[in-house]
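Heads up: the structure comes next, in structure tokens.
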Amino acid sequence: MRGLLLLAIALLALPAFGQAGRPVIGYLGAETPQAFEGRLRAFRQGLAEVNYIEGRNVQVEYRWAHADNARLPLLAQELVQKGAAVLVAPGSTAAAVAAKKATSTIPIVFAVSVDPVEAGLVRTMSRPGGNATGITSLNVQIASTRLHLLSDLVPSAKTFALLINPANPKNAAAIIDNVQVAAHAQRLQLQVVRTAGDEDLAVAFDNLARQQVGGIVIASDTYFIEHARELGKLALAKRIAAIHEAREFVDAGGLASYGSKLAEAHRLAGVYAGRILQGEKPGNLPVQRLSQVELFINQRTARALGITVPASLRQRADAVIE
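Be aware that the sequence shown starts at 311, since it is given in my numbering, and climbs by one per residue.
See the structure below:
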């Protein structure tokens, strides 16, 4: 009897395996595979760097919330029940929190924009402890810089809007605090607009265009990243100066973007997932902080809006779309 008990304990300690004995990674996505296409390529690249190829020697079980954060806890539980050896929750604070609540034993790799200590994901950045580690970007912290950049582009404006997603409350609260402090320091008026959903976005831009706000800072949020191109087209159609975190927004007609390299966070998440499969403990892997940021400016949109891009910003930009 004692021998059977020891065997059961030993089996529980082993990583979970799927088809053909391959270890299983549970991937919890807040959006859709189409929205995450580029980031999935980067994640798989990270896995390959530590010798894991999906379908060959590792199996990935995907669960997608389709921009409905309320679905994330149930999807996380499904991945736990599938026997995932590692849970990966990149690109969304809500996904990371759902994974953390779903298990205290299965290793978790996250990629978030908020402070993971304040979010309750880890104990410290250097020694996470527990079962989670991952990557954090500067996208929340540099929200105030987006306001500064937009103010430099539209120096005569004194009223700006901040577009946030109320379905991601921890992320939204951190960004609101960050941008409000910056607005107060610059003596700017800031209107916080809570919106999510295609119809809400269109209505919000209609209202802000009528109010003739000086510009819109779009919060770092998975939902807004997925809809970067739609937001860029909306901003151009409504003739509103706006800044986003993703280049796709600028490519679609938005004025500017400033943010961390999203693909790099997902590549690093893939590396960490592979290292954990190889036996490393998440509590011993320090949370990595992305420090690189990119600035893109759409010169065509600037001309259409009657904006003269300062030479200092042109020189600072990673690319200016002519």
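We put the beta carbon where it would ideally sit given N, CA and C, even for glycine.
None of the values given here were measured: they were computed from a predicted structure.
Residue(s) in a DSSP beta bridge with residue i
i: His554; result: Ser567
i: Gln369; result: Val334
i: Val398; result: Tyr337 and Val419
i: Leu634; result: Limits of the chain in this structure are 311 at one end and 632 at the other, which puts residue 634 out of reach.
i: Ile617; result: Beta-bridge pairing links Ile617 to no other residue.
i: Ala345; result: None; Ala345 has no bridge partner.
i: Asn608; result: Ile631
i: Glu364; result: Val368
i: Val597; result: In the DSSP output, where bridge partners are listed per residue, Val597 has none listed.
i: Val603; result: Ser570
CB of residue i within 9 angstroms of CB of residue j, strictly
i: Ala442; j: Pro592; result: yes
i: Gln625; j: Thr446; result: no
i: Ala405; j: Leu431; result: no
i: Ala566; j: Leu460; result: yes
i: Ala395; j: Pro333; result: yes
i: Gly444; j: Val419; result: yes
i: Ala562; j: Ala538; result: yes
i: Leu498; j: Phe470; result: yes
i: Ile535; j: Ala556; result: yes
i: Pro596; j: Asp462; result: no
i: Lys480; j: Ala399; result: no
i: Ile631; j: Val560; result: yes
i: Leu623; j: Leu600; result: no
i: Leu457; j: Ala492; result: yes
Same chain, Cβ closer than 6 angstroms to residue i, neighbours up to 5 away in sequence not counted
i: Leu376; result: First, the residue type needs correcting, since residue 376 is His and not Leu in the sequence shown. Only Thr342 meet the Cβ criterion.
i: Ala484; result: Val424 and Val450
i: Asn379; result: Ala404 and Ala477
i: Ala352; result: Ala573, His576 and Arg577
Cβ shell of residue i (< 8 angstroms), same chain only, five flanking positions each side left out
i: Leu350; result: Pro343 and His576
i: Arg373; result: Gly336, Tyr337, Leu338, Gly339, Leu385, Ala386, Glu388 and Leu389
i: Ala614; result: Leu546 and Arg549
i: Thr415; result: Asn441
i: Ala412; result: Pro383, Ala386, Gln387, Leu389, Val390 and Leu397
i: Ala519; result: Lys548, Arg549 and Ile550
i: Gln281; result: Nothing can be reported for residue 281, as the shown portion of the chain is limited to 311 through 632.
i: Gln602; result: Ser570, Lys571 and Glu574
Short CB-CB distance (under 9 angstroms) between residue i and chain C
i: Gly616; result: The structure shown has no chain C; it contains just one protein chain.
Close beta carbons around residue i, own chain, < 7 angstroms, minus the five adjacent residues each side
i: Thr532; result: Ala340, Glu341, Gly401 and Ser402
i: Ala482; result: Ile474, Asn475, Pro476 and Ala529
Let me know the alpha helix (DSSP H) ranges lying completely inside the segment 461 to 536, each 4 residues or longer, listed in chain order.
-> 479 to 495, 508 to 521 and 532 to 536
4 or more residues per run - each alpha helix (DSSP H) lying fully within the segment 400 to 463 = 403 to 412 and 453 to 463
Should the segment 473 to 490 be regarded as contacting the segment 434 to 453, the criterion being three or more beta carbon pairs within less than 8 angstroms?
-> yes
Are at least three pairs of beta-carbons, each pair with one atom in the segment 520 to 535 and one in the segment 549 to 558, less than 8 angstroms apart?
-> yes
Counting Cβ pairs closer than 8 angstroms, one from the segment 572 to 587 and one from the segment 357 to 365, do we hit at least three?
-> yes
Given 8 angstroms as the limit, is there contact between the segment 469 to 479 and the segment 495 to 511, that is, 3 or more CB pairs closer than that?
-> yes
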